[in-house]
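Worksheet: the structure to be examined is printed underneath.
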Amino acid sequence: MLVLGIETSCDETAAAVVTEAGDVLSDVVRSQIAAHAPYGGVVPEIASRDHARAIAPVVDEALERASTRLRDIDGIAVTSQPGLSGALLVGLQMAKGLAWAAEKPLVGVDHLVGHLLAVFLRRPGQEAPPPEYPFIALLVSGGHTAIYRADGPQLDAVHEIGATRDDAAGEAFDKVAKILGLGYPGGPAVDRLAAEGDAKRAGVELPRGMVDRRSFEFSFSGIKSAVARHVGSLREPPRGQALADLCAAFQATVVDVLTGKTVRAAEREGLTRIVLAGGVAANRGLRARMAAVCATRGISLFVPPFASCTDNAAMIAYAGALRLARGERDTMALSPTTRTALLRVTRKGGGKRS
Ligand code: KG4
Ligand code: ZN
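Heads up: the sequence shown is residues 194 to 547, going by this note's numbering.
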């Protein structure tokens, strides 16, 4: 089965052709970063407009690179939630138009489920076998941060163990990068600088947020504010080695919290498999620390290649292929939703939890 996937939930216009087995035949991602960078974040109106401009050529390119044509595709999968409504709408309209014109089945995919299943994609040259169910997944992206238990690929087999109460981990990286003048999106820049820095030399104590040993919830807004306060207390903005040291301190703190809670979740659930997902899973510090801790606890760690971590349509095509294989179909009434379909147990915001 060949599935065309379409993804436009945020600031990447993407299309891909993937088989039911997860083989990636093509994976086209057109980033809008340059259009949003001057504003220091994603501007929804710009996102919708750019998706509308890029979607048709991106889909054409995905079909062409896979050496296939629409008529040979078995189904169309499209991200329907969560995301920016105007941005999602562009992908949905494209998917519906193609499905109607070529008389192909259509399925909507939850973007977060796409991220969680990205570890099953098989790209050329990729050797590592995928995990078996059940596993613990740490999903860390620009919009979401949560720990899940996945007993299968379906929506009702994925259970949230804990999520962030405020900022997502990627959002914290991006905001700290902005404070430090590193541009947008800043995650990769912080990652690069952190590799040259020494957290201990930074001389700043950063709050770890929600460190209660029993809680699986996260909070990253405090650490971002602490970095801002620290920078504000300096005579001039940090540069050179001092900047690298501060990046290292910030990254080490975030990575420590993410790793600690994920491993504890695996131990509580009695599971020995951990999967990383989402854009922040590209972070080298997180990959290295998670690998080191998992090795000492007898846990197998599964980390998708970079291209599968950040937003892409291959993961949407694959998640859609599994839905199609189960006989599931959506109608032309499929519409965008800003929230995930996954059941959420963590409430946003502060306050006591019972
Ligand atoms: O999954 P993704 O591509 O889009 C969302 O669904 O949000 O994640 C993008 C996020 C951004 O916040 C970006 O700064 C972060 O992932 N990111 C990183 C790295 N690469 C991307 N954060 C830390 N280190 C990285 N190497
Ligand atoms: Zn994403």
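C-beta: ideal position from N, C-alpha, C; glycine also.
In this text the structure is predicted, and so the values were computed from the model without any measurement.
Coarse secondary structure for GLU353, derived from DSSP in three states: Stepping through the sequence shown from its first residue, residue 353 is reached at position 160. It is a strand residue.
From ALA321 to ARG432, what does the alpha carbon distance come to, in whole angstroms? As a first step, residue 321 is located in the sequence shown; it is residue number 128 there, counting from the start. As a first step, residue 432 is located in the sequence shown; it is residue number 239 there, counting from the start. Each residue's Cα considered, the two are about 40 Å apart.
Do the CB positions of GLY542 and THR503 come within less than 9 Å of each other? By 1-based counting over the sequence shown, the position of residue 542 is 349. By 1-based counting over the sequence shown, the position of residue 503 is 310. No, Cβ-Cβ distance for GLY542 and THR503 is not below 9 Å.
Output the distance between the C-alpha atoms of GLY198 and SER273, rounded to the nearest integer angstrom. Within the sequence shown, numbered from 1, the residue matching residue 198 stands at position 5. Within the sequence shown, numbered from 1, the residue matching residue 273 stands at position 80. Taking the straight line joining both Cα atoms gives about 11 Å.
Throw me the rounded Cβ distance for the SER533 and ASP303 pair, which I believe falls under 8 Å. As a first step, residue 533 is located in the sequence shown; it is residue number 340 there, counting from the start. As a first step, residue 303 is located in the sequence shown; it is residue number 110 there, counting from the start. According to the sequence shown, residue 533 is Thr rather than Ser. Going by Cβ atoms, the distance from THR533 to ASP303 rounds to 6 Å, so yes, they are a contact pair.
DSSP three-state assignment for LEU195, whether helix, strand or coil: In the sequence shown, counting from the first residue as 1, residue 195 sits at position 2. Residue state, collapsed to three classes: strand.
Cβ-Cβ separation, ALA474 to VAL333 (assumed contact under 8 Å), whole Å: Reading the sequence shown from its first residue, position 140 is the one you call residue 333. Reading the sequence shown from its first residue, position 281 is the one you call residue 474. Between the beta-carbon of VAL333 and that of ALA474 there is about 6 Å, and that keeps the pair under the 8 Å contact cut.
Tell me whether GLN274 sits in a helix, a strand or coil according to DSSP, three-state version. To locate residue 274, count along the sequence shown from 1; it is residue 81. Strand, per DSSP.
With 16 other CB atoms within 10 Å as the buried threshold, where does GLU200 fall? The residue labelled residue 200 in the question sits at position 7 within the sequence shown. Buried: at least 16 other Cβ atoms inside 10 Å.
Whole-angstrom C-beta distance between LYS289 and LEU277, which should lie under 8 Å: Mapped onto the sequence shown, residue 277 falls at position 84. Mapped onto the sequence shown, residue 289 falls at position 96. Not a contact, Cβ separation roughly 18 Å.
Straight-line gap, ARG546 to MET403 (C-alpha atoms, nearest Å): Walking along the sequence shown from the start, residue 546 turns up at place 353. Walking along the sequence shown from the start, residue 403 turns up at place 210. For ARG546, the pLDDT reaches just 48, beneath the cut-off of 50, and the residue's location in the model is therefore unreliable, leaving the point undetermined.
With a cut-off of 5 Å, give the chain-ordered residues whose Cβ is closer than this to any heavy atom of the ligand KG4. SER334, GLY335, GLY336, GLY363, PHE366, ASP367, PRO378, GLY380, PRO381, ASP384, GLY471, GLY472, VAL473, ALA475, ASN476, THR503 and ASP504
Can you give the beta carbon distance from VAL196 to VAL211, rounded, assuming they're within the 8 Å contact cut? Residue mapping note: residue 196 aligns to position 3 of the sequence shown, counting from 1. Residue mapping note: residue 211 aligns to position 18 of the sequence shown, counting from 1. Between the beta-carbon of VAL196 and that of VAL211 there is about 6 Å, and that keeps the pair under the 8 Å contact cut.
Assigned secondary structure, THR206 (DSSP; H/G/I helix, E/B strand, else coil): As a first step, residue 206 is located in the sequence shown; it is residue number 13 there, counting from the start. Strand.
HIS244: CB within 8 Å of a non-hydrogen atom of the ligand ZN: Sequence index remark: in the sequence shown, residue 244 carries index 51 (1-based). It does not: the Cβ of HIS244 is nowhere closer than 8 Å to a heavy atom of the ligand ZN.
Please return the same chain residues whose Cβ sits closer than 7 Å to the Cβ of GLY513, not counting the five positions on each side in sequence. Walking along the sequence shown from the start, residue 513 turns up at place 320. Cβ neighbours of GLY513 beyond the five flanking positions: VAL196, GLY198, GLY268, ALA270, VAL300 and VAL302.
What whole-angstrom Cβ distance do PHE411 and THR338 have, given they're in contact under 8 Å? To locate residue 411, count along the sequence shown from 1; it is residue 218. To locate residue 338, count along the sequence shown from 1; it is residue 145. Going by Cβ atoms, the distance from PHE411 to THR338 rounds to 6 Å, so yes, they are a contact pair.
Spell out a yes or no on whether the segment 314 to 329 and the segment 338 to 348 are touching, meaning 3 or more CB-CB pairs, one atom from each, closer than 8 Å. At 8 Å Cβ cutoff, the stretches touch.
What is the DSSP secondary structure of GLY301, counted as helix, strand or coil? Translated into positions along the sequence shown, residue 301 becomes position 108. Residue state for GLY301 is assigned as strand, using DSSP reduced to three classes.
Which residues bound the beta strand (DSSP E) around TYR341? The residue given as residue 341 occupies position 148 in the sequence shown. 338 to 343 is the span of the beta strand (DSSP E), which, as asked, contains TYR341.
Is CYS487 near the ligand ZN, with its Cβ less than 8 Å from a heavy atom? Mapped onto the sequence shown, residue 487 falls at position 294. No, the beta carbon of CYS487 sits no closer than 8 Å to any heavy atom of the ligand ZN.
At which residues does the alpha helix (DSSP H) containing VAL450 begin and terminate? As a position in the sequence shown, residue 450 is number 257, starting the count at 1. 433 to 462 is the extent of the alpha helix (DSSP H) around VAL450.
Quick one: what's got a C-beta closer than 6 Å to PHE495's C-beta in the same chain, skipping five residues either side? Stepping through the sequence shown from its first residue, residue 495 is reached at position 302. Correct list, in chain order: VAL312, PRO324 and VAL468.
Is it true that the CB of VAL420 sits closer than 9 Å to the CB of LEU399? The residue labelled residue 399 in the question sits at position 206 within the sequence shown. The residue labelled residue 420 in the question sits at position 227 within the sequence shown. For LEU399 and VAL420, yes; Cβs fall inside 9 Å.
Burial state of GLU238, where buried means 16 or more other Cβ atoms lie within 10 Å: For the purposes of this step, residue 238 is taken as residue 45 along the sequence shown, with counting starting at 1. GLU238 should be labelled exposed.
Any non-hydrogen atom of the ligand ZN closer than 8 Å to ASP202 Cβ: Translated into the one-based positions of the sequence shown, residue 202 becomes position 9. The sequence as given places Ser at residue 202; Asp does not occur at that position. If you check the C-beta of SER202 against the ligand ZN, you find a heavy atom less than 8 Å away.
First and last residue of the beta strand (DSSP E) that includes ILE329? One-based indexing of the sequence shown puts residue 329 at position 136. That run of the beta strand (DSSP E) goes 328 to 333.
So is SER528 buried or exposed if we call it buried at 16+ other beta carbons inside 10 Å? Position 335 of the sequence shown, counted from the start, is the residue given in the question as residue 528. Flag for SER528 reads exposed.
DSSP state of ARG223, grouped into three classes? Along the sequence shown, one-based indexing puts residue 223 at 30. The answer is strand: DSSP assigns ARG223 an E or B state.
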